[in-house]
Each structure stands twice: as C-alpha cells, then as structure tokens.
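J.:
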Amino acid sequence: MIQESLDDTIIAQSTPPGIGGIGILRISGEKSDQICEKILKKRLKPRYATYLPFYGSCDQILDYGIAIYFAKPNSFTGENIVELHAHGGQFVLDILLENILRTCEIRMAYPGEFTKRAFLNNKVDLVQAESICELINASNKESIRRSIEHIGKDSKSSMELRSIKRMVEEVESMIEIEINFPEENISSPVHLIYKRIQNIISKLESIFNKAHKNVCISDSIKVAIIGKPNSGKSSLMNLLSGKETSIVTSIRGTTRDVIKENMYINGILIQISDTAGIRKSNDDIERIGIKRALNEVKKSDHILYVTDNICEGFFSKKNYILSFLKKNLKSHQSYTIIRNKIDVDRLLSKVTIIEGCNVIFLSVRTEDGLNILKKHLKRTIQRKNHVESALNVKYRYYCFAKKALKHLKRANNLSCYQSVEMVAEEVKSANRYLNQIFNGKKYSSQKILNDIFSNFCIGK
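Residue 1224 in the working numbering sits at position 124 of the sequence shown; the count goes up by one each step and never skips.
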C-alpha cells in the first residue's frame, strides 16, 4: 500500500463495479461534511437518510439519490463519513466520482483504507478487521458463520483470548509488585503467581487442542481419496464432483499427480483430492506419485480409503495403508473405508463399523450407496465445523499465541530455580505476543499492517 496520510479525506465506490439498482460512494475524513455541502448544497443531519439532488461543478444536477452523514466518532472509521446512494449505472457513478475528485480536496482511497482507519481509530482490532475481509470473501455458509463469530468483541472466541490476555497482565502486575515491594504486605505470595501462570498455560493449551493443526482454516474442508491402484479412486472422485476430472482406465497407476476438485455439501465447500494408487513400485515416477499421495493424507481433514476387497488380515498391521493412517493421522483428522464394487460381489450398500473403523459399502459403477456416503460425509464435516477455537482466524495469530505459550512455559520452568526478575521478562514477552493479536498498531510494523489491509477491496 502506498504511504497515505490520515489527514486526507478519501473516497471510493463501495458497491461492486457494473450495473445495479443502486451504487454507493463512500467518503471519509475531516472534510467530509464540507465536501457534502458542496455536492448537495445542503447541510445534512447526522444519521438521517435524505433524498436530494447531487450537483456537478456548474450546479448541473448529475443524479438524484440518498445521502447519509455519520459524524465522528459514531461511524465505521471513527471519522466523519458521507455515503452517497446513487442510481446504479456505472457511468453515473463514474461521473459523480470524477466530479468530486476534480472539484473537492479529496483523493481516492487505497484498498482497505477505510477499515485501516477504523483500526487506527480503535473502532476494530486486528482480529475483527481481518474477519471483515474474510466475511466479504466468504464462499460458503460456514465461512460466513466463522467470520461473524470473530467480528463482535463480545464473541465467544474473542472473549476467550481476551480473558487470557487479561490474566497475563494481572500476573505481570503481581510480579512487578513482588519485585518493587518485596517486604510489603501488598505483594502476592510467590506460589500464587506460579499457580496463575500454570492456569494460563492450561487454558492456552485447551485452545490449541480445539484448533486444527493448520489453524489458518481455509474456506474448504480437505478430503483425500486414497487406496491401491484400480480400486475405484478416480471413479469415486468423478462421481462425487460430478465432473470427468480424473482419467479412468483399467491400466494400473494411471493417476500420478494429485488432482483436486471442489464441491459443496450442506453449504460447506469441500476440496476433494484424487491421489496415486499406493503400492510397492520400482517405477521412479510412480513412487513420486505415491509419496505425494501420502503427503496429501497428512494435509487433509478426512480421508476416504477405497478398497475393492475386505479380506482376512485387512485390519492387521500387514495392511500398509491402514497402518499408515493409524500411525500418522492427528486428532483432528479422521478416515472412512469405502468398500467399492459391491455390484460385482452382490453385496448390499450400507454403512457399518468393522474393527472400530467406519466402513461404507457401495458401487461407484451403479452409484448404489452414493447417498449413504454423502450423508456420512455431511455428518463428519458438520462435526468438524462445530469444533470452536479462538484461533480459527489467521495462522499469524496462531503463531503469536504459540510464542506466548512458549514464554509462559519458560516462566513456569524458571519459577522454582531462578529469580523473579527472569520470570517477569518471560511474562512480559508472552504479553507482547498476545498484544499483537488485538493491538497490532502498537507492536506491528507498517509493512505488516499494509500487507493486511491491502488484501481488502477498494471501498472497504
């Protein structure tokens, strides 16, 4: 983002470009009300919608519309804001915008500058600001729900981390008193300070246990399809996605790379990955494909293990694929065994549990059992999305909280053997990292802030 001045009054179109019922121009800054009088020939009453003409430079009427004035500090940015609701033809809006830029002391806003000003004026914190951006770019219902959850300061997730931050600040104060007034009765018992630190560590670890390993949760749930060659993986991929995405042949090892496709289940975006067949191979290219398949498993939320036979010993350690899943999957990951080709063996479609594993019997060729699989996926995905965590916004916040936890653990380990001053330094470091989650303008560089807000659209 180009360096901007908060003293500037800025303008941008807030509605998407193109033709629509209405188009909105947003103005923010100290001179918004003066510019408003010049365009409208009238002083507006704050927070009232007024229908009136919009004037050009020679007092010609450019359009009729609604104007709303929000006086500072009671506005989104904390500055004086004027919104001009004009007719939604793009040419009309371009004429209005060009006229205002030419005749008034104002400039175009940079991407995200309105929200950046809201942040700098303490109207939103960094978590809320980035959640606004995620809400605008949301591609499914779950993304919207998750973004809304973090926009409100009184949301469960924000309150959870804010509570921990307050606890760290209290411990920091207790230690300062202990250092400065060791002989006075106002200091807290040292063992109480350490108990508080241990309590904070426990709460932070609880949050991490609820969060996904990659915490920067994307808009999609990742599902990987794995299995031996010719088990029906690619056919299942095509069936679920509704597209001929993967090549299906009788030749073993056709799929060499990871092929990905998106689909929706119950309003939630799912990214399905078709992977290379897993088997022992001397072919270097095929072995690369198998390695990529196993890496995809580690990155996925749920795995569909496709097999065309569940014979004796299938659930034993001799089954390399099943052993790999049991050994490498994390607590947030899960898998389902898909017993394909039931039409060949004349079996009934069903979902059942065998040896503690979810198993779905189906036929990709006849689509018998497809609805059972979709319902099972829906239930599995809903369970994953009901896991709430205060860290489900950005990977950066996850890192800050992790670093805070590291310093708190150091403080706890030092407590029994080292001076209180050393404990104080570790607690201060933890507090600095927690502050970066909410109060980035004090602790983050200008480049980091510019990187954050440049991801917004112009007009927001």
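Every residue gets a Cβ at the ideal spot worked out from N, C-alpha and C, and that includes glycine.
Counting along the chain, where does the alpha helix (DSSP H) carrying aspartate 1565 start and finish?
T.: There is no way to answer for residue 1565, as the model of the chain reaches only from 1101 to 1560.
J.: Between which residues of its own chain and alanine 1524 is the CB-CB distance below 6 Å, once the five residues before and five after are set aside?
T.: Your numbering for residue 1524 matches position 424 in the sequence shown. Contacts found: Ile1275.
J.: Would you kindly report the start and end of the unbroken beta strand (DSSP E) that includes isoleucine 1403?
T.: Position 303 of the sequence shown holds residue 1403. Looking at the DSSP string, the run of the beta strand (DSSP E) that includes isoleucine 1403 is 1402 to 1407.
J.: Rounded to whole angstroms, how far is the Cβ of glycine 1327 from the Cβ of tyrosine 1405, which I believe are closer than 8 Å?
T.: Position 227 of the sequence shown holds residue 1327. Position 305 of the sequence shown holds residue 1405. Indeed, because the Cβ distance is near 6 Å, the residues count as touching under 8 Å.
J.: If you draw a straight line from the alpha carbon of lysine 1430 to that of threonine 1466, how long is it in whole angstroms?
T.: On the sequence shown, position 330 is the one that residue 1430 refers to. On the sequence shown, position 366 is the one that residue 1466 refers to. Approximately 34 Å, taken between the alpha carbons.
J.: In whole angstroms, give me the CA-to-CA distance for threonine 1215 and methionine 1337.
T.: Start at 1 with the first residue of the sequence shown, and residue 1215 comes out as number 115. Start at 1 with the first residue of the sequence shown, and residue 1337 comes out as number 237. Computed Cα separation, rounded: 41 Å.
J.: Taking 8 Å as the cut-off, does the stretch 1441 to 1449 touch the stretch 1413 to 1425 (at least 3 CB pairs, one atom from each stretch)?
T.: The stretch 1413 to 1425 vs the stretch 1441 to 1449: no contact.
J.: Check whether the Cβ atoms of isoleucine 1135 and isoleucine 1181 lie closer than 8 Å to each other.
T.: In the sequence shown, counting from the first residue as 1, residue 1135 sits at position 35. In the sequence shown, counting from the first residue as 1, residue 1181 sits at position 81. Taking 8 Å as the Cβ cut-off, isoleucine 1135 and isoleucine 1181 do not qualify as a contacting pair.
J.: Do leucine 1304 and leucine 1505 have their beta-carbon atoms positioned less than 8 Å apart in this structure?
T.: Your numbering for residue 1505 matches position 405 in the sequence shown. Your numbering for residue 1304 matches position 204 in the sequence shown. Closer than 8 Å, so yes.
J.: Using only the alpha-carbon positions, how far apart do serine 1434 and lysine 1398 sit?
T.: The count along the sequence shown starts at 1 and reaches residue 1434 at position 334. The count along the sequence shown starts at 1 and reaches residue 1398 at position 298. Their backbone Cα atoms lie some 11 Å apart in a straight line.
J.: So isoleucine 1111 packs on isoleucine 1200, CB below 8 Å; how close in whole Å?
T.: Within the sequence shown, numbered from 1, the residue matching residue 1111 stands at position 11. Within the sequence shown, numbered from 1, the residue matching residue 1200 stands at position 100. Rounded, the Cβ-Cβ distance is 6 Å, consistent with contact.
J.: If we require 3 or more residues per run, which beta strand (DSSP E) segments fall completely within the stretch 1408 to 1473?
T.: If we require 3 residues or more, the beta strand (DSSP E) runs fully inside the stretch 1408 to 1473 come out as 1434 to 1439, 1450 to 1454 and 1457 to 1461.
J.: According to DSSP, simplified to helix, strand and coil, what is isoleucine 1317?
T.: Walking along the sequence shown from the start, residue 1317 turns up at place 217. Its pLDDT being 44, under 50, isoleucine 1317 is placed unreliably in this model, and the value from its coordinates should be taken loosely. Looking at isoleucine 1317 - three-state DSSP - the assignment turns out to be coil, as it is neither helix nor strand.
J.: For arginine 1178 and alanine 1218, which I take to be in contact (beta-carbon distance under 8 Å), what is that distance rounded to the nearest angstrom?
T.: Translated into positions along the sequence shown, residue 1178 becomes position 78. Translated into positions along the sequence shown, residue 1218 becomes position 118. Per the sequence shown, the amino acid found at residue 1178 is glycine instead of arginine. That belief holds up - the Cβ atoms of glycine 1178 and alanine 1218 are roughly 6 Å apart, short of 8 Å.
J.: Can you tell me the Cα-Cα spacing of tyrosine 1045 and isoleucine 1232, whole angstroms?
T.: What the structure shows of the chain is the stretch from 1101 to 1560, and residue 1045 is not part of that stretch, so it cannot be assessed.
J.: Determine, using beta carbons only, whether leucine 1144 and tyrosine 1155 come nearer to each other than 8 Å.
T.: The residue you call residue 1144 lines up with position 44 of the sequence shown. The residue you call residue 1155 lines up with position 55 of the sequence shown. No, they are not a contact pair.
J.: Let me make sure I understand the geometry here. Which of Val1323, Leu1339, Lys1503 and Met1363 has the alpha-carbon closest to that of threonine 1480?
T.: The residue you call residue 1480 lines up with position 380 of the sequence shown. Comparing Cα-Cα distances from threonine 1480 to each of Val1323, Leu1339, Lys1503 and Met1363, the minimum goes to Val1323.
J.: Within the same chain, show all residues whose beta-carbon is closer than 7 Å to that of lysine 1441, passing over the 5 residues directly before and after it, in chain order.
T.: Looking up residue 1441 in the sequence shown gives position 341. For lysine 1441, where only same-chain residues beyond five positions count, the Cβ hits under 7 Å are Gly1332, Asp1408 and Ser1463.
J.: Between which two residues does the beta strand (DSSP E) carrying serine 1128 extend?
T.: Reading the sequence shown from its first residue, position 28 is the one you call residue 1128. Here the beta strand (DSSP E) through serine 1128 covers 1122 to 1128.
J.: For the putative contact between threonine 1203 and serine 1157, defined by C-beta atoms under 8 Å, what is the C-beta separation to the nearest angstrom?
T.: What you label residue 1203 is simply residue 103 of the sequence shown in a count that begins at 1. What you label residue 1157 is simply residue 57 of the sequence shown in a count that begins at 1. The pair is a contact, with the Cβ atoms about 5 Å apart (cut-off 8 Å).
J.: Please state whether DSSP places arginine 1182 in a helix, a strand or coil.
T.: Residue numbering aside, residue 1182 sits at position 82 when the sequence shown is read from its first letter. The residue asked about is misnamed: residue 1182 is valine in this sequence, not arginine. Three-state result, valine 1182: strand.
J.: Can you find the residues in the same chain that come closer than 6 Å, C-beta to C-beta, to aspartate 1194, ignoring five residues on each side of it along the sequence?
T.: The residue you call residue 1194 lines up with position 94 of the sequence shown. Taken in chain order, the list of residues that qualify is empty.
J.: Which partner residues of threonine 1150 appear in the DSSP bridge assignment?
T.: Your numbering for residue 1150 matches position 50 in the sequence shown. Threonine 1150 is bridged to Ala1167.
J.: How is the beta strand (DSSP E) around glutamine 1113 delimited, first residue to last?
T.: Translated into positions along the sequence shown, residue 1113 becomes position 13. First-last of the beta strand (DSSP E) with glutamine 1113: 1110 to 1113.
J.: Kindly list the residues whose CB is nearer than 6 Å to the CB of lysine 1503, restricted to its own chain and excluding five residues on each side of it in sequence; keep chain order.
T.: The residue you call residue 1503 lines up with position 403 of the sequence shown. Closer than 6 Å at the Cβ level, and outside the excluded window around lysine 1503, lie Tyr1533.
J.: Less than 8 Å between the C-beta atoms of alanine 1167 and leucine 1196, yes or no?
T.: By one-based count along the sequence shown, residue 1167 stands at place 67. By one-based count along the sequence shown, residue 1196 stands at place 96. Not a contact, by the Cβ cut-off of 8 Å.
J.: Tell me the DSSP secondary structure of valine 1358 in three-state form.
T.: Mapped onto the sequence shown, residue 1358 falls at position 258. Three-state result, valine 1358: coil.
J.: Please state whether DSSP places aspartate 1383 in a helix, a strand or coil.
T.: For the purposes of this step, residue 1383 is taken as the residue at position 283 of the sequence shown. Reduced to three states, the DSSP call for aspartate 1383 is coil.
J.: Would the beta-carbon of phenylalanine 1538 fall within 8 Å of that of leucine 1340?
T.: Along the sequence shown, one-based indexing puts residue 1538 at 438. Along the sequence shown, one-based indexing puts residue 1340 at 240. No. Outside cutoff.
J.: Note down, in chain order, each residue of its chain lying with its Cβ closer than 7 Å to the Cβ of asparagine 1512, except the 5 sequence neighbours on either side.
T.: To locate residue 1512, count along the sequence shown from 1; it is residue 412. Result list for asparagine 1512: Tyr1294, Ile1297, Gln1298 and Ile1301, in chain order.
J.: What is the DSSP secondary structure of leucine 1140, counted as helix, strand or coil?
T.: Numbered from its first residue, the sequence shown carries residue 1140 at position 40. Residue state, collapsed to three classes: helix.
J.: Spatial neighbours of valine 1358 within its chain, please: C-beta separation below 6 Å, excluding the five flanking residues on both sides.
T.: Within the sequence shown, numbered from 1, the residue matching residue 1358 stands at position 258. Answer for valine 1358: Ser1373, Thr1375, Arg1392 and Glu1396, listed in chain order.
J.: For lysine 1142 and threonine 1109, which I take to be in contact (beta-carbon distance under 8 Å), what is that distance rounded to the nearest angstrom?
T.: The residue you call residue 1142 lines up with position 42 of the sequence shown. The residue you call residue 1109 lines up with position 9 of the sequence shown. Their Cβ separation, rounded to whole angstroms, is 19 Å, which puts lysine 1142 and threonine 1109 out of contact at 8 Å.
J.: Grab me the residues of glycine 1189's own chain with a C-beta within less than 7 Å of its C-beta, minus the 5 sequence neighbours each way, in chain order.
T.: Locating residue 1189 in the sequence shown gives position 89, counting from the first residue. Same-chain partners within the cutoff: Ile1119.
J.: Residue range of the alpha helix (DSSP H) that tyrosine 1533 falls in?
T.: Here residue 1533 is taken as the residue at index 433 of the sequence shown, counted from 1. Residues 1520 to 1538.
J.: In whole angstroms, give me the CA-to-CA distance for glutamate 1270 and leucine 1292.
T.: Your numbering for residue 1270 matches position 170 in the sequence shown. Your numbering for residue 1292 matches position 192 in the sequence shown. Near 12 Å, if we compare the C-alpha coordinates of leucine 1292 and glutamate 1270.
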